[in-house]
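Line by line, the protein sequences are chains X and U.
Per this note's numbering, the very first residue in the first sequence carries number 261; after that it's consecutive.
Per this note's numbering, the very first residue in the second sequence carries number 72; after that it's consecutive.
This report refers to the structure that appears directly beneath it.
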Amino acid sequence: EAGVAQSPRYKIIEKRQSVAFWCNPISGHATLYWYQQILGQGPKLLIQFQNNGVVDDSQLPKDRFSAERLKGVDSTLKIQPAKLEDSAVYLCASSSPGTSPYEQYFGPGTRLTVT
Amino acid sequence: SQKIEQNSEALNIQEGKTATLTCNYTNYSPAYLQWYRQDPGRGPVFLLLIRENEKEKRKERLKVTFDTTLKQSLFHITASQPADSATYLCALDDNYGQNFVFGPGTRLSVLP
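As structure tokens, then:
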């Protein structure tokens, strides 16, 4: 079974630029999560989708971050405009209640550096 | 305020000993608590999940306990090996599969 795919793996941008990250979850996984992990900290949930609907986006900075999962499969997370404090690894995860509920499978992450 | 803490930033132990990691939380009422392993440059990998009505869960050399009165989970690795060296994260859900919160992690080093 293929794992969670993310691209790009690395991205360097200047502040005030925009950036987008892509995630393809494990086939059949209805739930998709985006996390932000700052160096030395645990992952912080940004948004959780169930199919193509948003379950939780309470910690998403909506003035600059947006995410979509239009067909209930892959997802895009966008930052516009980026700030220095957005430098972090952005992790995508997926899960399926049909297997072990709430067991999340993570992708390798996208390391973003904002200069 | 809500908080989730892990006992120490780093833990060094000798190979063959038992590693014990602690996860404490305040002002949460999780239905589940999970433990993940994260290696440098990689995403977390799920290890174990324990429910609020379970006291203990085991998987091979791993054991997790969950005390909802103390608001604490303990994660044990017995007969530790250098390959167990990694960062271990605890995570809880605050709303039955929603509002997942991760602790800051404990970096475990098993010395040969």
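Think of the CB as a built atom: it goes at the ideal place given N, C-alpha and C, for glycine as much as any other residue.
Note that the coordinates shown come from a computational prediction; the quantities given were computed from them, not determined experimentally.
Along chain X, which residues have their Cβ under 9 Å away from the Cβ of Asp-164/U? Working through the second sequence from its first residue, we reach residue 164/U at position 93. Neighbours of Asp-164/U on chain X, chain order: Tyr-362.
CB contact below 7 Å: Gly-367/X versus chain U: Stepping through the first sequence from its first residue, residue 367/X is reached at position 107. Yes, its Cβ sits closer than 7 Å to a Cβ of chain U.
Contacts around Ile-298/X, its chain only, beta-carbon distance under 6 Å, and the 5 residues preceding and following it disregarded: Translated into positions along the first sequence, residue 298/X becomes position 38. Same-chain partners within the cutoff: Ala-348.
Are any of the Cβ atoms in chain X nearer than 7 Å to that of Tyr-159/U? Sequence index remark: in the second sequence, residue 159/U carries index 88 (1-based). Chain X, which has no Cβ nearer than 7 Å to the Cβ of Tyr-159/U, makes this no.
Within 7 Å (strictly less), CB to CB, does Pro-111/U reach chain X? The residue you call residue 111/U lines up with position 40 of the second sequence. With respect to chain X, the C-beta atom of Pro-111/U has no partner C-beta closer than 7 Å.
For the beta strand (DSSP E) holding Glu-131/U, just list the boundary residues, first then last. Taking the second sequence and counting its residues from 1, one reaches residue 131/U at position 60. Careful: Glu-131/U lies outside any beta strand (DSSP E) and carries neither H nor E.
Which same chain residues, not among the five before or five after Arg-269/X, have their C-beta less than 8 Å away from its C-beta? Start at 1 with the first residue of the first sequence, and residue 269/X comes out as number 9. Around Arg-269/X: Pro-368, Gly-369, Thr-370, Arg-371.
According to DSSP, is Ala-154/U part of a helix, a strand, or is it coil? The count along the second sequence starts at 1 and reaches residue 154/U at position 83. Here Ala-154/U sits in helix by DSSP.
Looking at C-alpha atoms only, which residue of Leu-351/X, Lys-322/X, Thr-375/X is the closest neighbour of Val-116/U? Numbered from its first residue, the second sequence carries residue 116/U at position 45. Minimum Cα distance to Val-116/U is reached at Leu-351/X.
Residues of the region 324-342 of chain X with a CB closer than 9 Å to any CB of chain U: list them in chain order, please. none
For Gln-169/U and Tyr-293/X, what's the separation of their Cα atoms in angstroms? Here residue 169/U refers to the residue found at position 98 of the second sequence. Here residue 293/X refers to the residue found at position 33 of the first sequence. Answer to the nearest angstrom: the Cα atoms are 10 Å apart.
Would you mind listing the beta strand (DSSP E) stretches within the region 304-351 of chain X that are 3+ residues and don't spill past its ends, in chain order? Listed in chain order, the complete beta strand (DSSP E) runs (minimum 3 residues) inside the region 304-351 of chain X are 304-310, 313-316, 325-328, 335-339.
Chain U within 7 Å of Gln-310/X, Cβ atoms only: Here residue 310/X refers to the residue found at position 50 when the first sequence is read from its first residue. Gln-310/X does not count as touching chain U.
Identified DSSP bridge partners for Tyr-99/U: Residue mapping note: residue 99/U aligns to position 28 of the second sequence, counting from 1. Note: Tyr-99/U sits in no beta bridge, so no partner.
Residues near Ile-286/X by beta carbon distance below 8 Å, same chain, minus five either side: As a working note, residue 286/X is residue 26 in the first sequence. Closer than 8 Å at the Cβ level, and outside the excluded window around Ile-286/X, lie Glu-261, Ala-262, Gly-263, Val-264, Ser-354, Ser-356, Tyr-365.
Give the range of the beta strand (DSSP E) segment to which Leu-82/U is assigned. Counting from one through the second sequence, the residue named residue 82/U turns up at place 11. Looking at the DSSP string, the run of the beta strand (DSSP E) that includes Leu-82/U is 81-85.
Determine the burial state of Arg-122/U: buried for a count of at least 16 other Cβ atoms within 10 Å of its Cβ, exposed for fewer. Numbered from 1 along the second sequence, position 51 holds the residue referred to as residue 122/U. The residue is exposed, with fewer than 16 neighbouring Cβ atoms inside 10 Å.
Per DSSP, which one or two residues make a beta bridge with Tyr-293/X? Locating residue 293/X in the first sequence gives position 33, where the first residue counts as 1. According to DSSP, Tyr-293/X bridges with Gln-308/X, Ala-353/X.
Leu-351/X at chain U interface by Cβ criterion, 7 Å: For the purposes of this step, residue 351/X is taken as the residue at position 91 of the first sequence. Yes, Leu-351/X lies at the interface with chain U (some Cβ there is under 7 Å from its Cβ).
Below-7 Å beta-carbon distance, Gln-143/U vs any chain X residue: The sequence position of residue 143/U within the second sequence is 72, counting from 1. For Gln-143/U, the answer is no, since every Cβ of chain X falls outside 7 Å of its Cβ.
Assuming contact is defined by CB atoms lying nearer than 7 Å, are Tyr-99/U and Leu-163/U in contact in what I supplied? As a working note, residue 99/U is residue 28 in the second sequence. As a working note, residue 163/U is residue 92 in the second sequence. For Tyr-99/U and Leu-163/U, yes; Cβs fall inside 7 Å.
By Cβ distance, which residues of its chain are closer than 7 Å to Arg-129/U, with the 5 residues on each side in sequence left out? Sequence index remark: in the second sequence, residue 129/U carries index 58 (1-based). Taken in chain order, the list of residues that qualify is empty.
Tell me which same chain residues have a C-beta within less than 6 Å of the C-beta of Cys-94/U, skipping the five on either side of it? Locating residue 94/U in the second sequence gives position 23, where the first residue counts as 1. Gln-77, Ser-144, Cys-161, Gly-174, listed in sequence order.
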